[in-house]
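Novice: This is the structure, below, for whatever I ask next.
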Amino acid sequence: VIARVLPATVSALFMISLTLVGVGVIDWRFTVAIVAVAPIHYFALRHFLRRSGPVYRRSRAAQARRGQQLIETLGGAGTVTA
Numbered sequence: 009v010i011a012r013v014l015p016a017t018v019s020a021l022f023m024i025s026l027t028l029v030g031v032g033v034i035d036w037r038f039t040v041a042i043v044a045v046a047p048i049h050y051f052a053l054r055h056f057l058r059r060s061g062p063v064y065r066r067s068r069a070a071q072a073r074r075g076q077q078l079i080e081t082l083g084g085a086g087t088v089t090a
């Protein structure tokens with residue numbers, strides 16, 4: 009797990025740093041704005057992820073039930089026509 013997570017994390021941090029530097033080259037105020045909004049974004053994302061997990065699970069379970077019903081219906085179609 010570490011062999012995949014560490015390179016992905018380092019790559020993401022590098023891209024974020026590079027983006028901040030690039031935006032800072034355009035205008036330093038953009039970098040200040042991004043850094044000022046980052047904590048708000050972080051906490052909003054944490055709040056969303058906590059609430060979206062159960063909703064996503066229920067949605068996937070409902071989709072699985074619909075898929076199972078469709079498979080059973082199509083599987084029995086040959087019996088009904090015979």
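Take the sequence shown: its position 52, counting from 1, is numbered 60 in this note's numbering, and each next residue is one higher.
Every residue, glycine too, gets a C-beta built ideally from N, C-alpha and C.
Since the structure is predicted, the reported quantities are computational estimates derived from the model, not experimental observations.
(1) Which residues in the same chain have their Cβ closer than 8 Å to the Cβ of ILE48, if we skip the five residues on either side of it in sequence?
(2) Could you give the DSSP three-state label for VAL9: helix, strand or coil?
(3) So, under 8 Å CB-CB, PHE22 and VAL31 are touching, yes? Tell me the CB distance rounded to an integer number of Å.
(4) Does any residue of chain B bring its CB to less than 8 Å from the CB of TYR64?
(5) Checking 8 Å against the spacing of the C-beta atoms, do ILE42 and LEU26 come in under that value?
(6) DSSP three-state label for GLY86, please.
(7) Roughly how many angstroms separate the alpha carbons of ARG68 and TRP36, rounded to a whole number?
Specialist: The short version:
(1) In the same chain as ILE48, and ignoring 5 residues on each side of it, no C-beta atom comes closer than 8 Å to its own.
(2) VAL9 falls in the coil class under three-state DSSP.
(3) Between VAL31 and PHE22 the Cβ distance is about 15 Å, and since that is not below 8 Å, they are no contact.
(4) The structure shown contains no chain B; it holds only a single protein chain.
(5) Contact: no.
(6) Helix.
(7) One C-alpha to the other measures close to 44 Å.
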